[in-house]
Amino acid sequence: MLVARRSPFSVFLSLCAIVALALSLTTVPAGAASTGKSAVSAKQAAAKKKAAKKQALACAAAVKKGKPSAKCARYRRPTKPSKPATPPKPPTTTTPTTPPTTTTPTTPPTTTTPTTPPVTTTPTTPPVTTTPTTPPTTTTPTTPPPATETPTTPADPATAGKAKGWNGFGVNSWPGANWRPYADSSPFNRTIGNAAVHSNSAGIVSEVLSWGLPGNIIAGSSGSTLDYAHPTYYAQPTDPIYTLKASGTKNYLEGMRIRIPTEAKPALGDDGHMTVVQPDGWEYDFWRVQDKPAGGGTLTFSIGGRTRIDGDGIDSKATASNFGNLAGVIRAQELAAGKINHALFIVVRCTSSTSGFGHNTTPAPSSSQGAWVFPASHGGARCSAADEAGAPPMGARFQLNMTATQINALSVPAWKKTILTALATYGGYVGDTGGSGFAFQFESGSTYTSFGSSDPLVSFSQSVGIKTGTGSWAGTYAYNMSSGVDWAKYLRVTVPPSPVAGGAKAKKPAKKGGNTKVSAKKVGAKQR
0 MLVARRSPFS VFLSLCAIVA LALSLTTVPA GAASTGKSAV SAKQAAAKKK
50 AAKKQALACA AAVKKGKPSA KCARYRRPTK PSKPATPPKP PTTTTPTTPP
100 TTTTPTTPPT TTTPTTPPVT TTPTTPPVTT TPTTPPTTTT PTTPPPATET
150 PTTPADPATA GKAKGWNGFG VNSWPGANWR PYADSSPFNR TIGNAAVHSN
200 SAGIVSEVLS WGLPGNIIAG SSGSTLDYAH PTYYAQPTDP IYTLKASGTK
250 NYLEGMRIRI PTEAKPALGD DGHMTVVQPD GWEYDFWRVQ DKPAGGGTLT
300 FSIGGRTRID GDGIDSKATA SNFGNLAGVI RAQELAAGKI NHALFIVVRC
350 TSSTSGFGHN TTPAPSSSQG AWVFPASHGG ARCSAADEAG APPMGARFQL
400 NMTATQINAL SVPAWKKTIL TALATYGGYV GDTGGSGFAF QFESGSTYTS
450 FGSSDPLVSF SQSVGIKTGT GSWAGTYAYN MSSGVDWAKY LRVTVPPSPV
500 AGGAKAKKPA KKGGNTKVSA KKVGAKQR
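Just so you know, numbering that gives the first Met the number 0 puts 402 at position 403 of the sequence shown, and the rest follows in order with no gaps.
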């Protein structure tokens, strides 16, 4: 076997390296003298160094001969150089891409304001589990609660926090058959009982019927110019806020701010009625609504007023009589149940202008306005001289003088008996003027159709077999009120009810948040 021979020069270099290594290993560390442990004197150190040098030379000679002893093993030069004695820097100083979760920084990770919040990385243990003193702002919902979007001064602060409208009413939570607006002591909710017949009852009935028998009550006219009824909307606490602005000279509601459903629409007839009941029980009535921008803003109308829905229902300003818009209207729920437990709203062609009716009748204050008697507080269109003698004042109460037995014996549909029974029990008040004669009034179907719901009066009409009209009346349903009843024989006029019966007065509004610019007293101080 051949062995490669090393040159003398390479052997010399190896010996030098061994000697240098031996010297480095025998050097006393600088910090050893300061420990006080195993310290040696300078003389002993020198002797030890000399002995080590001698041993190194001996080992060098042995290595040269290729016969190193066991004592020389420590002086052999390793095949590869060892790594530097200086330890590497701690891992935390290398700034790794993902910092160790065990470092638990004093400042929560969210304070570093990363482009993508830590919680979006979905770690096994998200940073939020460290429970920092200030929770990460990323936990805030994207869409804030509705309350944060309302103006600082809402129209009716009392509505805040309620889940639905007044009495729980709202879309698909409509008032039931047994419900009626206003207090039990309201004139509209008191039975006639033994009220006296007016001294000129026969003359008034004769005059009114000369204009025509009770006309048809029209259902299904919502969304058309045939709708002269009163749609009612129950505002919710989250509905948009509108500032009220009257274009007429009587600005009873000027500057007030209320909530109105986005879908709410006025009746499309010339009267343009619309009623909005606030969650706190204030009923706002409008006549000739002209503009209602989407999402809030300014609601413009000709004349408006308000009354408590749990009060007497009078002095609201939006009808000629100043009755609340809910007063006396007939609802589909009542017809379906076969019972109406309130007085009816009557429309006649015109009203008298004098105080000849008596009972504290207020005479006409102008040529354009007729006389009125309680519970009305404003007049309607005045009759001509030819009709003046027997015309009733606004607010006059009519009654059907028939017993329940007589009504049930009539050969008329059940729905008509329901209306006739209400007229006999509670009567009907003249609340507006217009048309050719004498008529009652349904609730406007816009109350429902504005929200995409079906008109319950249309459904009821179809269920009882009432046919739709033709021509301009196509799609409507006419309830014939004239046939089957001897109106000249049984219709009469009674004396007005007492203005005070159990204190049926509207409550004064609470002064909260400066939500109105007009006091309740001023709102009800004057008529149109």
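Every residue, glycine too, gets a C-beta built ideally from N, C-alpha and C.
On a predicted model such as this, the values are computed, not experimentally measured, just so you know.
- Its chain contains Arg381 as the residues whose beta carbon lies nearer than 8 Å to that of Ser366, once the 5 sequence neighbours on both sides are disregarded; these appear in chain order.
- Between Gly294 and the set Phe300, Gln43, Ile257 and Ala342, the nearest pair of CA atoms involves Ile257.
- In the DSSP assignment, Ser301 falls outside any alpha helix (DSSP H) and within the unbroken beta strand (DSSP E) covering Gly296 to Arg307.
- Assigned with DSSP and collapsed to three states, Phe441 falls in strand.
- Under the three-state reduction of DSSP output, Glu387 falls in the helix class.
- Under the three-state reduction of DSSP, Tyr241 is assigned to strand.
- Excluding the 5 residues flanking it on each side, Gly430 has same chain C-beta neighbours closer than 6 Å at Thr318, Ser320, Phe322 and Phe344, in chain order.
- Exclusion of the five residues before and after Val463 leaves Pro412 and Trp414 as the residues of its chain whose Cβ lies within less than 7 Å of its Cβ.
- With a contact defined as Cβ atoms closer than 8 Å, Pro230 and His272 qualify at about 7 Å.
- As DSSP reads the structure, Glu282 sits in a beta bridge with Val276 and Thr306.
- When the beta-carbon positions are compared, Asp284 and Ser315 come within less than 8 Å of each other.
- Comparing alpha-carbon positions, the option among Arg348, Thr350, Pro278 and Tyr251 lying closest to Tyr233 turns out to be Pro278.
- Bridge partners of Gln398 according to DSSP: Arg491.
- Remark: C-beta atoms of Ala194 and Tyr478 do not approach each other more closely than 8 Å.
- Between the stretch 386-394 and the stretch 199-210, the count of C-beta pairs closer than 8 Å reaches three or more; the two stretches touch.
- Just measuring C-alpha positions, the residue of Gln398, Ala266 and Ala384 sitting nearest Arg189 is Gln398.
- Inclusion of Ala336 and Gly426 in the CB contact set at 8 Å is not warranted, their separation being larger than that value.
- Taking C-beta separations shorter than 7 Å and ignoring five residues to either side along the sequence, the partners of Ser460 in its chain run Ala218, Gly219 and Tyr476, following chain order.
- Burial check for Lys264: the Cβ neighbour count within 10 Å reaches 16 or more, so the residue is buried.
- At the C-beta level, Gly296 and Gln235 stay beyond 8 Å of one another.
- DSSP places Trp472 in the helix class (H, G or I) of the three-state scheme.
- Counting along the chain, the unbroken beta strand (DSSP E) around Ile216 starts and ends at Ile216 to Ala218.
- Each residue's CA atom was taken as its position, placing Gly167 and Ser376 some 31 Å apart.
- Just measuring C-alpha positions, the residue of Gly394, Leu212 and Leu419 sitting nearest Thr404 is Leu419.
- In the structure shown, Ser462 falls within a helical segment according to DSSP collapsed to helix, strand and coil.
- Rounded to the nearest whole angstrom, the CA to CA distance from Trp472 to Gly254 is 39 Å.
- For a cut-off of 8 Å, the C-beta gap from Thr424 to Ile259 is around 35 Å, too long to register as a contact.
- Ile257 carries a strand assignment under DSSP once its states are collapsed to helix, strand and coil.
- When secondary structure is reduced to three states using DSSP, Leu343 falls in the strand class.
- By the neighbour-count definition (other C-beta atoms within 10 Å, threshold 16), Gln368 is a buried residue.
- Counting of Cβ neighbours within 10 angstroms places Thr274 among the buried residues, the total reaching 16 or more.
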